[in-house]
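In terms of UniProt numbering, the sequence shown has 92 at position 92, counting the first letter as 1, and numbering is strictly consecutive.
This report concerns only the one structure given below.
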Amino acid sequence: MASTNTRHTCEVEVTFSTNLQAKQALQVLQVDQEPTDRVTKSFSLVETEIHQGSNNNNVDGTQQSGTCLMKVRFESKELKMLRVSVSSFYDYLAVVIKTFQEFDS
(Lines of atoms letter the chains of each structure in order from A; the text may use other names.)
(Lines give C-alpha, C1' and ligand atoms only; values in the text may rest on other atoms or scores of the structure.)
Protein backbone atom coordinates (compact mmCIF):
# COMPACT_ATOMS: atom_id res chain seq x y z
CA MET A 1 0.00 0.00 0.00
CA ALA A 2 1.42 3.36 -0.99
CA SER A 3 2.00 5.94 1.71
CA THR A 4 0.29 9.28 1.36
CA ASN A 5 1.19 12.69 2.72
CA THR A 6 -2.46 13.65 3.07
CA ARG A 7 -3.37 14.82 6.57
CA HIS A 8 -6.91 13.89 7.53
CA THR A 9 -8.64 16.10 10.07
CA CYS A 10 -11.70 15.97 12.26
CA GLU A 11 -13.01 18.92 14.23
CA VAL A 12 -15.39 18.41 17.14
CA GLU A 13 -17.30 21.28 18.73
CA VAL A 14 -18.97 20.87 22.12
CA THR A 15 -21.14 23.60 23.64
CA PHE A 16 -21.21 23.92 27.42
CA SER A 17 -23.80 25.90 29.35
CA THR A 18 -21.15 27.79 31.33
CA ASN A 19 -17.60 28.92 30.76
CA LEU A 20 -16.59 27.18 33.98
CA GLN A 21 -17.80 23.80 32.72
CA ALA A 22 -15.99 24.30 29.42
CA LYS A 23 -12.74 25.17 31.19
CA GLN A 24 -13.08 22.20 33.55
CA ALA A 25 -13.78 19.84 30.65
CA LEU A 26 -10.78 21.21 28.78
CA GLN A 27 -8.52 20.66 31.80
CA VAL A 28 -9.75 17.09 32.25
CA LEU A 29 -9.64 16.06 28.59
CA GLN A 30 -6.41 17.83 27.70
CA VAL A 31 -4.23 15.76 30.04
CA ASP A 32 -4.85 12.53 28.11
CA GLN A 33 -2.17 12.40 25.46
CA GLU A 34 -2.63 10.31 22.37
CA PRO A 35 -1.05 6.86 22.80
CA THR A 36 0.73 7.23 19.49
CA ASP A 37 2.43 10.12 17.74
CA ARG A 38 0.46 9.30 14.60
CA VAL A 39 -2.43 11.46 15.83
CA THR A 40 -2.25 15.04 17.05
CA LYS A 41 -4.98 16.68 19.10
CA SER A 42 -5.41 20.37 19.89
CA PHE A 43 -7.99 22.16 22.05
CA SER A 44 -9.39 25.68 22.10
CA LEU A 45 -12.20 27.51 23.87
CA VAL A 46 -14.47 30.10 22.28
CA GLU A 47 -16.65 32.14 24.62
CA THR A 48 -19.97 33.14 23.10
CA GLU A 49 -21.63 36.45 23.79
CA ILE A 50 -24.63 36.86 26.05
CA HIS A 51 -27.81 37.89 24.27
CA GLN A 52 -28.77 41.45 25.10
CA GLY A 53 -32.14 41.98 26.68
CA SER A 54 -32.05 38.69 28.59
CA ASN A 55 -31.64 38.36 32.33
CA ASN A 56 -27.90 37.79 32.66
CA ASN A 57 -27.67 37.59 36.44
CA ASN A 58 -27.10 34.53 38.59
CA VAL A 59 -29.26 33.87 41.64
CA ASP A 60 -26.70 35.65 43.82
CA GLY A 61 -26.86 38.78 41.63
CA THR A 62 -23.47 38.33 39.97
CA GLN A 63 -23.13 38.66 36.21
CA GLN A 64 -23.70 35.37 34.40
CA SER A 65 -21.31 34.37 31.64
CA GLY A 66 -22.48 33.09 28.27
CA THR A 67 -22.08 29.61 26.91
CA CYS A 68 -18.69 28.39 25.81
CA LEU A 69 -17.65 26.29 22.85
CA MET A 70 -14.82 23.79 23.18
CA LYS A 71 -13.19 22.95 19.86
CA VAL A 72 -11.02 19.88 19.45
CA ARG A 73 -9.04 19.25 16.27
CA PHE A 74 -7.62 15.83 15.45
CA GLU A 75 -5.09 15.27 12.66
CA SER A 76 -3.55 12.10 11.29
CA LYS A 77 -2.22 10.60 8.10
CA GLU A 78 -4.12 7.39 8.86
CA LEU A 79 -7.91 7.39 8.82
CA LYS A 80 -8.11 4.38 11.14
CA MET A 81 -6.00 6.09 13.82
CA LEU A 82 -8.07 9.25 13.46
CA ARG A 83 -11.29 7.27 13.89
CA VAL A 84 -9.98 5.47 16.99
CA SER A 85 -8.81 8.73 18.56
CA VAL A 86 -12.11 10.53 17.97
CA SER A 87 -14.08 7.56 19.28
CA SER A 88 -12.00 7.49 22.48
CA PHE A 89 -12.48 11.22 22.89
CA TYR A 90 -16.27 10.83 22.74
CA ASP A 91 -16.09 8.11 25.40
CA TYR A 92 -14.12 10.40 27.73
CA LEU A 93 -16.38 13.35 26.93
CA ALA A 94 -19.45 11.30 27.89
CA VAL A 95 -17.91 10.62 31.32
CA VAL A 96 -17.16 14.32 31.82
CA ILE A 97 -20.70 15.37 30.87
CA LYS A 98 -22.29 12.70 33.08
CA THR A 99 -20.12 13.91 35.97
CA PHE A 100 -21.28 17.50 35.41
CA GLN A 101 -24.90 16.34 35.37
CA GLU A 102 -24.48 14.24 38.52
CA PHE A 103 -22.83 16.98 40.57
CA ASP A 104 -24.58 20.04 39.11
CA SER A 105 -26.09 22.06 41.94
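Backbone N, C-alpha and C fix where the C-beta goes; we use that ideal spot for every residue, glycine too.
Model, not experiment: these values are computed from the prediction.
- For Lys23, there is no enclosing beta strand (DSSP E); the residue is found in the alpha helix (DSSP H) stretching over 19–30.
- The C-alpha of Val96 is placed about 20 Å away from the C-alpha of Cys10.
- Annotation for Phe100: Gln21 place their beta carbon closer than 7 Å to its own, counting only its chain and skipping 5 residues before and after.
- Residue pairing by DSSP places Thr9 opposite Glu75 in a beta bridge.
- Using a C-beta cut-off of 8 Å, the stretch 13–20 makes no contact with the stretch 76–92, since fewer than three inter-stretch Cβ pairs fall below that distance.
- Cα atoms of Ser42 and Ala94: separation of roughly 19 Å, rounded to the nearest angstrom.
- Note that the C-beta distance between Val31 and Lys71 is not below 9 Å.
- Judged by DSSP secondary structure, Thr40 falls within the beta strand (DSSP E) whose first and last residues are 39–47.
- In this structure, Phe16 lies near Cys68, with their beta-carbon atoms less than 9 Å apart.
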